[in-house]
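Participant: Sharing a structure here in C-alpha cells format.
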Amino acid sequence: MEKDVKPSEDPLSVVNSCIESLEKLVNLKTSSDRALYVGSIERLQHAVCSEDSAMKHFVSSYSGGIPLLVAILEKSQDQHIRHFAVLIIEKMLLHKSGGNEHAQAFVFHGAVDHLLKLIVKCQLSWGDDFISSLYKVTARIGEEDKKFAVKARFLGVLPVIVTHIRTYAKRYKVLNTIMRLLKKIMASSVNATKLCKDGLPRELLHFLDEPKKMTIIPVLEAISEATRTRHAARQFVKDDVISRVLQIIFSTNAAGCNRINSSICKTGLKILVHLTQIKIGREKLLSAGTIPSLLSWCRTLLEIPGNRYNTLVSLVSNVIQRCLPPRPLPVKKLNNPVIFSFSESYNHNESDSSDGKNDDTLSLASSTMSSADSASDSDEQELRPLDLVESSYGESVEHFAVFFDEMNETQQIKPHFAAGDDMQSEDFKDDFYDKYVSSPVIEFKDLKLTSLIPKLIPKQPCPPLSKKEMQRKVRKPTNELSHSMKERQQKSTSVTTLVLCGQGTCGKPPAKRANLSETTCDINAIPSTQLNGDKNCHLFRSERQLLLESAREESRNQKFIENVSLSDVYHKQSFSTVSVSPLVKLAYPDIMNHSSDTKLETPLLKQDPFLLRHKIYKYCEEMAQTDRFYAEIYNLDSLMNESSSNCGSSVNIDHHRIQSEKQYDHLQFEARFESGNLRKVFWKGGEEYDLILNPDINSKGHIQWFYFEVCGMKANCPYTFNIINMEKSTSQFNEGMCPVMFSVRNHMEKKQGWIRVGSDICYFRNHYTQGPSTNSILRNKPYYTLTFTVTFENTNDVCYLAYHYPYTFTTLQTHLYYWSNSYDTTSIYFKKDELCRTLAGNTVPLLTITSKPLDSNRPYIFLTARVHPGESNASWVMKGSLDFLFSNKAQKLRDSYIFKIVPMLNPDGVINGCHRLSLSGQDLNRQWITPNVHLHPTIYYTKSLFHYLASKNKKPQAFCDYHGHSRRSNAFFFGCNPEQSWWPSDETKSDCESFKILPILMDEMAPTFSLEDCDFTIERGRESTGRVTVWRQFDVALSYTLECSYGGCSQGKYAGYHMGTPQLEDTGMKLCQCFGKLVIDAHSNRVWSSIPIDVKSFPLSSFEKPSRSKFCTSSTSTETDDEFDDCDEEEQMM
1 MEKDVKPSED PLSVVNSCIE SLEKLVNLKT SSDRALYVGS IERLQHAVCS
51 EDSAMKHFVS SYSGGIPLLV AILEKSQDQH IRHFAVLIIE KMLLHKSGGN
101 EHAQAFVFHG AVDHLLKLIV KCQLSWGDDF ISSLYKVTAR IGEEDKKFAV
151 KARFLGVLPV IVTHIRTYAK RYKVLNTIMR LLKKIMASSV NATKLCKDGL
201 PRELLHFLDE PKKMTIIPVL EAISEATRTR HAARQFVKDD VISRVLQIIF
251 STNAAGCNRI NSSICKTGLK ILVHLTQIKI GREKLLSAGT IPSLLSWCRT
301 LLEIPGNRYN TLVSLVSNVI QRCLPPRPLP VKKLNNPVIF SFSESYNHNE
351 SDSSDGKNDD TLSLASSTMS SADSASDSDE QELRPLDLVE SSYGESVEHF
401 AVFFDEMNET QQIKPHFAAG DDMQSEDFKD DFYDKYVSSP VIEFKDLKLT
451 SLIPKLIPKQ PCPPLSKKEM QRKVRKPTNE LSHSMKERQQ KSTSVTTLVL
501 CGQGTCGKPP AKRANLSETT CDINAIPSTQ LNGDKNCHLF RSERQLLLES
551 AREESRNQKF IENVSLSDVY HKQSFSTVSV SPLVKLAYPD IMNHSSDTKL
601 ETPLLKQDPF LLRHKIYKYC EEMAQTDRFY AEIYNLDSLM NESSSNCGSS
651 VNIDHHRIQS EKQYDHLQFE ARFESGNLRK VFWKGGEEYD LILNPDINSK
701 GHIQWFYFEV CGMKANCPYT FNIINMEKST SQFNEGMCPV MFSVRNHMEK
751 KQGWIRVGSD ICYFRNHYTQ GPSTNSILRN KPYYTLTFTV TFENTNDVCY
801 LAYHYPYTFT TLQTHLYYWS NSYDTTSIYF KKDELCRTLA GNTVPLLTIT
851 SKPLDSNRPY IFLTARVHPG ESNASWVMKG SLDFLFSNKA QKLRDSYIFK
901 IVPMLNPDGV INGCHRLSLS GQDLNRQWIT PNVHLHPTIY YTKSLFHYLA
951 SKNKKPQAFC DYHGHSRRSN AFFFGCNPEQ SWWPSDETKS DCESFKILPI
1001 LMDEMAPTFS LEDCDFTIER GRESTGRVTV WRQFDVALSY TLECSYGGCS
1051 QGKYAGYHMG TPQLEDTGMK LCQCFGKLVI DAHSNRVWSS IPIDVKSFPL
1101 SSFEKPSRSK FCTSSTSTET DDEFDDCDEE EQMM
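Counting in full-length UniProt numbering, the sequence shown runs from 1 upward without gaps.
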C-alpha cells in the first residue's frame, strides 16, 4: 500500500479518489477492509496537509470533505482512523486564510457533539499526541458554537475534565490544551459552579504551589474564567487563592520587559478583580494589606517602556477601586436636573424612560429587538425582521403630497420663508416684499399675497423656442461674465464667515435687513457686457429674458452678501429657538458663526508613553487617602432654583467682559447657552478642577458631549480639567485627540476661530459610582475620567471649551436663511418646508433641491443628519453637502436627482446639550421600525416621506444618515450586505453588489474616507436603525450610515491629523460628487459607476464578521476588565 503521494500524481486526483473510497468505507462494521480504510485516510491526510490546492479542493462545498470527516468521527470505532481525521481537522483550522470559516462549517455539520463524545471516551492508550490534538480541535471549534458550554455539560464532559487534569498533571503538553478547553467550558456560570463542587479549585491551586512557566499562564487563565462566577469565586477565596496569586505577582519580575512575565501578572490581577465582587474577597484583600503592597509594586512599573504596563497599572487601579468603600457621584440625583414633562395623552409611553437602564429600548420595536438579543439559545424565540414592520399608512399617506410639489406636472414654486419670519406678524408683508420682490422667477399661489407680486414677474415659464430660433448661432451668456462677476457668483454659493459683530453689535437688536427691493430691475443698470454679444449675433426675446433674469439674480445675490450680517441673522433666529434647559446668553463663537480656521488641522497629539500610568497611579494614591472635600464653584441644580439672571438669553457681552480687570481666586464657569453642557465644578485648589456633565434629559446616562465657558484665568498658567463622569469605556483622547477651544480675545484681535488645545490628555476609569451601595460598583457601568491641561494665552479672557466644533440649531437656521436668499433661482429649484414640530415645539426643516425645469422622473436621494445631538461633526458634513448642492458645480448632479434633506433630526437634543437621546429619553435611531408620532415625530414624518414615494411606486436611489464616531478614525460607511445578514433568507436577495459601488467611489475621491474601516454587517440588534429599516422595508440597496471621526485620520494625506471642519465639509461635498458618478441600469434598475472601478477588489468577503477591535480603539482603559468592554455600534453603529 502506498502511503505517500507520488511526485507526478495530481493532489486533486488523490483527494477525489480518497474521498470516493472513504465514502464507501465510512459505514464499515467489519475489519476486513480496515487496512484500505486506514490507508485511504492516511493518504488523504498527507495530501491535504502538504498542498494548499488540495486543502482548498477538499473543503469546497461540492467535494463534501467536511461532512465526510464529521461522519468518520461519528461512525468510526478505530482509534487510528479517528486520529488521522482529527489531524486533518487540526490542519484545516490552522489554515492561514480560512480557519474561522472552516470552524463555522464544522459547527454547522454537528462536529462539536462528536468531538465532545470522543473526549468522554478518551483513554490513556490513545497517546498524548492524539489527546492533545483532540482537545485543541474541540476548543477551537467550540469558539464558534454559542451552545458549546451547554453541550459540554449535557454530554458529561465536566467530570471527565477534572479527572484528566488530575491524570495529566505532569504531562504539560496535554495539560495546556485541557486548560484551554476548560476556559471555554467555564464561560457558563452553571458549568463553573458545578466544576467547583467537583473539586476543581483544589486541583488548579495545586499548580500554583509549585508554578511552572509552561503551565502557569493556562492555569491562571482558567482560574480567572472560573472566578467570574460568584459561587466559584467564594470557593477559591476559601481555598486561599489570594495569597498564592499575590505571591506569584510580587515574585514575578514584571519589570524585566518579558511578555510572559507581564502576562502572568496581568492574569493574576484579573483574578483579584474578579474576587472583589464578593464581600469575603474584598475583606481578605484588605486584611492582607493588598492596597499599599500593590501601590508599591506599581511604582516600579512607571518608567518601563511598553503599553502592556499601562494595562497592569489600570488593573491595579481597578482592584483598589473595588476594595475601597463606594464613592457615589456627588450629585443629588443621577438624572438630568432638567425634566421634560409629556402630555397626558401619551405619557404612558415613557414609563421606563426615567430608569435610565433601557434608554435605547423604550419603543415597542426596539424593546422587541432588545429582548430578542438577550434571549436564550432557543431558535423558536427568533423573530423574523419583517414581523416588526408597522401597519400600512393607508389613505393618510396622501397628506404628505404637500412635500412633493416637484412631482406635479406643472412647475409651481411656493415662496420660501426663512426661519424666524412669522407669517402672522404685522411686518410680514414688508419683510416678504424686501426678500422676494427682486426675484424674477417666483410664482405665488396664495391669493392673499397676489397684491404684492410685481408685474415684471412672469406668471408662466418662458415660451419654448421655435426651430428657426434654435438654429441661430447664439452666444452663451454664462461664458461672457467678467472674472470679478464669476468670483462673486462663487462667493454667493456657500456660507462665508462674515464677522460684523463688533463691540457695539453683540447684544443689540439686529440691524434692519438690507432692502433688496432696491436691486435694479432696469436693463440700463445691468453691465452692457452681460447683455450685448457680438454685433453679428442677435439674441431673440426668450434668450434675452433669460439673460436678464440671470443678471438680476446675480446682482440680487451679491447685494445680499454685501449687506447681510450673519451675526444679526443668528441673533434674530435665536428668538424662535425653544429650549427646555435654562438659557442666559448666546455663546460668542456661535454668534460669530465660526469654525476652525486652518485648511490643514493640527496634528494628533503625540502621546507620552508613560503619561497614562502616571495619571492612574497618582489617582490611586488619592483614592487610598481619606476623602477630601473640594469647594463647589458651579452647580446647575442650584442655579435652576434661583431667580432668572439679569441678562437675557439673547444677549452676549463677552467683548466687554474681556476688558475687565477684576481678579478671581479661581476660574468662573458657565454653560447655560444653546448646546451647552456642564452640571457641576469642584475646585481642588491651585489650578485643578473636577467637572461633572449632564446626562441626556429624562435619562441617567449617555454622557459625552461637553460645551462650556471659562473666564477669570491667568495668562501662561496651566489649568487642569478632570471630567469625572464620562461613560464610554474607550476614547480617542488616548489616541491623540484634543478638545477644541475658542478665545474671544484672540478672535477680536487675530480673527482666530476654534482651535485644538490641550496637553497631558488621558482617559481612564475612576472610582465614582452611581449609588452609595457596593452593588453600584458591581452591577452598574463605571465612570471614566477625561483629564486635560490647557494653558491660556491671555489674562481675563473668555474662552469656550467643547468636545468638538459646535453646530447649534440656531446655526442651522442661520445657514438656511443664507442659502434661501443667495442661491441661483434661475437654475436651482429649492423648497424649504416645515416637516413637523419637535416635542419642545421647534421646527424641523425639510429641504428639496433639484434643477429647473422640474422633472418628476428624476430619482430621489435622501440625506439626514444629527439624529444623535452630540455628533456635531455630522452637521459640518451636511453643511459641506449643502454648500456643494447650491453651487454651480452641482448643476449636473441637480439635473440627475431630486434631493430630500432633513439636516437635523433631533433639534431638541442639540439645543439642550444632549449627546444621544431626544427629550423622550430615547435613541431616535432605534425607533425607525415603528416610530410613534407623538414621541418620535421627526422619525415618523421622515419615514412617511418614504411611504409616500412607495405609494407612487417609487423608491429612493440612495439614503445616507450622517453620524459621528468617538472611537474610530477616518470616515467610513456602515452599509447593508445581504450576505452578511443575521437573517439567513437575506442571502437570497438578488442585488448583492450595488452597495459596494458608493464606498469604492468614496475611497477613490475622499481623502478622509477609509474603505477598510467600512462594515456592511446587518446585525439583529440594528434592525431598528434608519440604515437597516430603509434597506429592508423600502428595498433601498444604497442605504448607509456615514460615520466621521471626532478625532483624526490614520490613512491618506490627512494621516496623523485631526479632522477639522474643512475636512468634514469636504467629505460631505465628495459624497455628493460620488452620487454624480452613479449610473442606473434602465433594464435591471441596478446601480453602477460611470467611471471604471474594480468591485472584485472589495475588501470584505461574505463570511467575514466584524471583530470586536473594529469598534474599540487600542486604549488600555478597555483592558481593565473584560466585563466592562461595552463596545456597541457607536454605539457600535447607527
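Just so it is clear, CB atoms sit at the ideal spot from N, CA and C, and this is done for glycine as well. Every value quoted in this text rests on a predicted model; they were computed, and no experiment measured them.
(1) Just the Cα atoms here: how many angstroms apart are Ser642 and Phe682?
(2) With distance defined between alpha-carbon atoms, name the residue in Arg1032, Phe899, Val162, Arg140 nearest to Trp928.
(3) Is the number of C-beta pairs between the segment 1041 to 1050 and the segment 969 to 989 that are closer than 8 angstroms three or more?
(4) Please report the distance separating the alpha-carbon of Ser1010 from that of Ser1050.
(5) Beta-carbon separation of Gly758 and Pro739 under 9 angstroms?
(6) Does the distance between the C-beta of Asp145 and the nearest non-hydrogen atom of the ligand GDP fall short of 8 angstroms?
(7) In the DSSP assignment, what are the bridge partners of Ile755?
(8) Taking the C-alpha atoms as reference points, what is the distance between Leu69 and Gly1021?
(9) By alpha-carbon positions, which one of Asp608, Pro1007, Asp1015 ends up nearest to Asp1066?
(10) Could you pull out every residue in the same chain whose Cβ sits closer than 6 angstroms to the Cβ of Phe58, ignoring the five residues on either side in sequence?
(11) Looking at C-alpha atoms only, which residue of Val910, Asp654, Leu295, Glu735 is the closest neighbour of Tyr619?
(12) Which one of Gly964, Gly686, Asp760 has the shortest CA to CA distance from Tyr805?
(13) Measuring alpha carbon to alpha carbon, tell me which residue in Lys197, Lys146, Arg140 is nearest Arg180.
(14) Need the endpoints of the beta strand (DSSP E) that Cys711 sits in, please.
(15) Beta carbon of Ile658, beta carbon of Val798: below 9 angstroms?
(16) Using a Cβ-Cβ cut-off of 7 angstroms (strictly less than) and excluding sequence neighbours within five positions of Ser827, which residues of its own chain qualify?
(17) Between Met1002, Asn794, Pro695, Gly753, which lies nearest to Gln922 when the distance is taken from Cα to Cα?
(18) With DSSP run on the structure shown, which of helix, strand or coil describes Pro984?
(19) Give a yes or no on whether the C-beta atoms belonging to Ile653 and Leu693 are separated by under 9 angstroms.
(20) Please tell me whether Ile320 and Leu275 are closer than 9 angstroms, where the distance is taken between their beta carbons.
(21) Going along the chain, which residues of its own chain have a beta-carbon closer than 6 angstroms to the beta-carbon of Leu612, five neighbours each way excluded?
(22) When you compare each of Ala950, Ser951, Leu919, His947 to His936 by their alpha carbons, which one comes out closest?
(23) Going by the DSSP bridge assignment, what does Val1087 pair with across the sheet?
(24) When we look at the beta-carbon of Tyr664 and count the other beta-carbons within 10 Å, is it buried (16 or more) or exposed?
(25) Please work out which residues of its chain come closer than 6 angstroms, Cβ to Cβ, to Asn176, disregarding the five sequence neighbours upstream and downstream, and give them in chain order.
(26) Excluding five sequence neighbours on each side, which residues of the same chain lie with their C-beta closer than 6 angstroms to the C-beta of His164?
(27) Check for me: the beta strand (DSSP E) holding Lys900 runs from which residue to which?
(28) For Cys717, does the count of other Cβ atoms within 10 angstroms reach 16, so buried, or fall short, so exposed?
(29) I need the boundaries of the alpha helix (DSSP H) containing Cys1072, first residue and last residue.
(30) Note down, in chain order, each residue of its chain lying with its Cβ closer than 7 angstroms to the Cβ of Asn725, except the 5 sequence neighbours on either side.
(31) Within the segment 797 to 832, note down every full alpha helix (DSSP H) run reaching 4 residues or more, in order along the chain.
(32) When the Cα of Arg765 is compared with those of Phe886, Thr843, Arg322, Ser1024, which residue comes out closest?
(33) So which of Met741, Glu144, Ser224 has the shortest CA-CA distance to Lys183?
(34) Flag this pair as touching only if the segment 981 to 988 and the segment 874 to 890 have three or more C-beta atom pairs under 8 angstroms; answer yes or no.
(35) So what does DSSP say about Glu621, is it helix, strand or coil?
(36) When you compare each of Ser40, Phe673, Gly701, Val1028 to residue 1135 by their alpha carbons, which one comes out closest?
Facilitator: Working from what's here:
(1) The displayed chain sequence assigns Glu, not Ser, to residue 642. Approximately 20 angstroms between the Cα atoms of the pair.
(2) Arg1032
(3) yes
(4) 9 angstroms
(5) yes
(6) Within the structure as shown, the ligand GDP is missing, as the structure has no ligands at all.
(7) Met741
(8) 35 angstroms
(9) Pro1007
(10) Val15, Val48, Gly65
(11) Leu295
(12) Gly964
(13) Arg140
(14) 707 to 711
(15) yes
(16) Ser851, Lys852, Gln891
(17) Pro695
(18) helix
(19) no
(20) no
(21) Asn310, Cys762
(22) Leu919
(23) Ile1080
(24) exposed
(25) Pro218
(26) Ile178
(27) 898 to 902
(28) exposed
(29) 1061 to 1075
(30) Leu329, Ile692, Leu693, Ile703, Tyr768, Tyr783
(31) 809 to 822
(32) Arg322
(33) Ser224
(34) no
(35) helix
(36) Residue 1135 is absent from the model: the chain starts at 1 and stops at 1134.
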